[in-house]
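Engineer: Residue numbers (the numbering used here): 479 to 769.
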């Protein structure tokens, strides 16, 4: 089902997250959350670019042209890759206890981004927001500790969404025309030993690939929440998978380094870096902001 993970050299950070595949450029992008950096690696040529944002980058997505839409603490920023220009499109509610976390472009062309309690308390004060290309911010789910794991089915009609700290995964019927959520169901609850659900991606067969950040696992689930396979990750704390490559059958995986013990780092010196593996099934492409 999957080949052995190989490291991508020169990608190590403290907390790499939000891998995004740009098919037009055949490039992989990702962020280092605490450093406020977005990186780009063009796989064919090896060319690299990096952009500095004014705060921690929770997530981002592709926008029109060369732009990116970026969740930077409470600001939703449009970043022009060609010249580095940045402008604030919208602002999430500025609760000093929270910051933006996982986000992804939905089938409706909106940027869906969640927040998390960024304090040691880890209270359910986060939410999931829908940000339109016009800059309108709509709250869609409340009462979250750490909003995470956004991924849509290939037909755009099913949304998976996790709360990492609450160790739960929900699924909704999704309307790709207007982004309406209906019929939310608790799909699965997790234990730390099996992998608290972090970032995720979908394959074209309807399987949900969830990074089990607490267990060094990559858990593959069905639409009904059944566990198809639990794969060993190459590092103790994988944070998010992403499908890419010309045939969408390369799986990229980001990871965490910050907070690991000396023993964990000695056993996995590549922690915090990116990895890639070949898989048998293609992933679902993620759209662009604005459609």
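No residue lacks a Cβ here, since even glycine has one placed at the ideal position from N, Cα and C. Remember, predicted model here, so these are calculated numbers, not experimental data.
1) Residues in its own chain within less than 7 Å of residue 660 by CB, not counting five upstream and five downstream?
2) Whose CA, out of 627, 634 and 747, lies closest to the CA of residue 666?
3) Could you tell me the alpha carbon to alpha carbon distance between residue 656 and residue 586, rounded to whole angstroms?
4) Could you say which of 522, 501 and 538 lies nearest to residue 578 if we only look at CA atoms?
5) Measuring only the C-alpha atoms, how far is residue 592 from residue 552?
6) Beta strand (DSSP E) containing residue 658: first to last residue?
7) Cutting at 7 Å between CB atoms, please list the residues of its own chain near residue 769, excluding the five before and the five after it.
8) Relative to the alpha-carbon of residue 738, which residue among 492, 482 and 554 has its alpha-carbon at the smallest distance?
9) If contacts are defined as beta-carbon pairs under 8 Å, then residue 499 and residue 721 qualify, I think. What distance do you get, rounded to the angstrom?
10) With residue 744 as the anchor, note down where its alpha helix (DSSP H) starts and where it stops.
11) Assuming residue 728 is part of the beta strand (DSSP E), what are its boundary residues?
12) Going straight from the alpha carbon of residue 508 to that of residue 663, what length do you get?
13) With 16 as the cutoff for other CB atoms within 10 Å, does residue 702 come out buried or exposed?
14) In this structure, what does DSSP give as the bridge partners for residue 553?
15) Relative to the alpha-carbon of residue 516, which residue among 681, 547 and 482 has its alpha-carbon at the smallest distance?
16) Just grab the DSSP bridge partners of residue 492 for me.
17) Identify the continuous beta strand (DSSP E) that holds residue 619 and give its terminal residues.
18) Is the shortest distance between the beta-carbon of residue 513 and the beta-carbons of chain C less than 9 Å?
19) Hey, how far is the Cα of residue 611 from the Cα of residue 556?
Structural biologist: On the basis of the data shown:
1) For the purposes of this step, residue 660 is identified with residue 182 of the chain shown, where counting begins at 1. Closer than 7 Å at Cβ, skipping near neighbours: 650 and 651.
2) By one-based count along the chain shown, residue 666 stands at place 188. Measuring from the Cα of residue 666, the nearest candidate turns out to be 627.
3) As a working mapping, residue 656 is identified with position 178 in the chain shown. As a working mapping, residue 586 is identified with position 108 in the chain shown. Each residue's alpha carbon lies about 6 Å from the other.
4) For the purposes of this step, residue 578 is identified with residue 100 of the chain shown, where counting begins at 1. Among 522, 501 and 538, the Cα nearest to that of residue 578 is on 538.
5) Locating residue 592 in the chain shown gives position 114, counting from the first residue. Locating residue 552 in the chain shown gives position 74, counting from the first residue. Their Cα atoms are separated by approximately 10 Å.
6) Looking up residue 658 in the chain shown gives position 180. If you look at residue 658, you'll find it isn't in any beta strand (DSSP E); DSSP assigns it neither H nor E.
7) Position 291 of the chain shown holds residue 769. If we look at residue 769 and ignore the five residues flanking it on each side, its Cβ neighbours are 587.
8) As a working mapping, residue 738 is identified with position 260 in the chain shown. In terms of CA proximity to residue 738, 492 leads the group 492, 482 and 554.
9) Mapped onto the chain shown, residue 499 falls at position 21. Mapped onto the chain shown, residue 721 falls at position 243. Indeed, because the Cβ distance is near 7 Å, the residues count as touching under 8 Å.
10) Within the chain shown, numbered from 1, the residue matching residue 744 stands at position 266. Note, residue 744: alpha helix (DSSP H), 740 to 745.
11) As a working mapping, residue 728 is identified with position 250 in the chain shown. For residue 728, the enclosing beta strand (DSSP E) starts and ends at 728 to 733.
12) Numbered from its first residue, the chain shown carries residue 508 at position 30. Numbered from its first residue, the chain shown carries residue 663 at position 185. In this structure, the straight-line span from the alpha carbon of residue 508 to that of residue 663 is close to 30 Å.
13) As a working mapping, residue 702 is identified with position 224 in the chain shown. Residue 702 is exposed by the Cβ-count criterion.
14) Residue 553 sits at position 75 when you count from the first residue of the chain shown. DSSP output for residue 553 lists 550 and 569 as bridge partner(s).
15) Counted from its first residue, the chain shown places residue 516 at position 38. Ranking 681, 547 and 482 by CA distance to the CA of residue 516 puts 547 first.
16) Residue mapping note: residue 492 aligns to position 14 of the chain shown, counting from 1. In the DSSP output, where bridge partners are listed per residue, residue 492 has none listed.
17) For the purposes of this step, residue 619 is taken as residue 141 along the chain shown, with counting starting at 1. 615 to 622 is the extent of the beta strand (DSSP E) around residue 619.
18) Checking the listed chains, one finds no chain C in this structure; it contains a single protein chain.
19) Residue numbering aside, residue 611 sits at position 133 when the chain shown is read from its first letter. Residue numbering aside, residue 556 sits at position 78 when the chain shown is read from its first letter. Rounded to the nearest angstrom, the two C-alpha atoms are 10 Å apart.
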